[in-house]
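Undergrad: 3 is the number of the first residue of the sequence shown in our numbering; add one for each residue after it. Backbone N, C-alpha and C define an ideal beta-carbon position, used for all residues, glycine too.
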Amino acid sequence: MSCSFDLPHYAEILEAAKTGGYRFTTFGEPPVRGDIFLRHDIDLSLDAALQMAELEAERGVQAT
Numbered sequence: 003m004s005c006s007f008d009l010p011h012y013a014e015i016l017e018a019a020k021t022g023g024y025r026f027t028t029f030g031e032p033p034v035r036g037d038i039f040l041r042h043d044i045d046l047s048l049d050a051a052l053q054m055a056e057l058e059a060e061r062g063v064q065a066t
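1) Spatial neighbours of Thr27 within its chain, please: C-beta separation below 6 Å, excluding the five flanking residues on both sides.
2) Taking Ala19 as the reference, which of Thr66, Glu31, Phe39 has the closest Cα?
3) By the three-class DSSP mapping on this structure, what secondary structure does Thr21 have?
4) Is there a Cβ from chain D that is less than 8 Å from the Cβ of Gln53?
5) Ordered along the chain, which non-local residues of its own chain (more than five positions away) have a Cβ less than 7 Å from that of Arg41?
Written out as structure tokens, the structure is:
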């Protein structure tokens with residue numbers, strides 16, 4: 003698999019993690035095996051950040 007670094011591929015990665023039994027969580031909960039702490043550095047584009055957040059919300063994925 004190659005990585006195109008675009009939103010459709012990011013969606014595939016999120017779905018693969020969910021299918022693999024991983025759980026997206028926040029720093030407000032103690033970690034357990036299989037947790038993913040997904041965080042983003044927003045440096046260049048608030049529009050891109052919004053698109054990622056909407057994609058995550060559509061898939062029930064939490065990020066911090």
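TA: According to the structure shown:
1) The residue labelled residue 27 in the question sits at position 25 within the sequence shown. Counting only Cβ-Cβ distances below 6 Å, and skipping sequence neighbours, we find Asp37.
2) If you number the sequence shown from 1, residue 19 lands on position 17. Of the candidates Thr66, Glu31, Phe39, Phe39 places its Cα closest to the Cα of Ala19.
3) Sequence index remark: in the sequence shown, residue 21 carries index 19 (1-based). The answer is helix: DSSP assigns Thr21 an H, G or I state.
4) Protein chains in the displayed structure number just one, and chain D is not present.
5) Looking up residue 41 in the sequence shown gives position 39. Ala65, Thr66.
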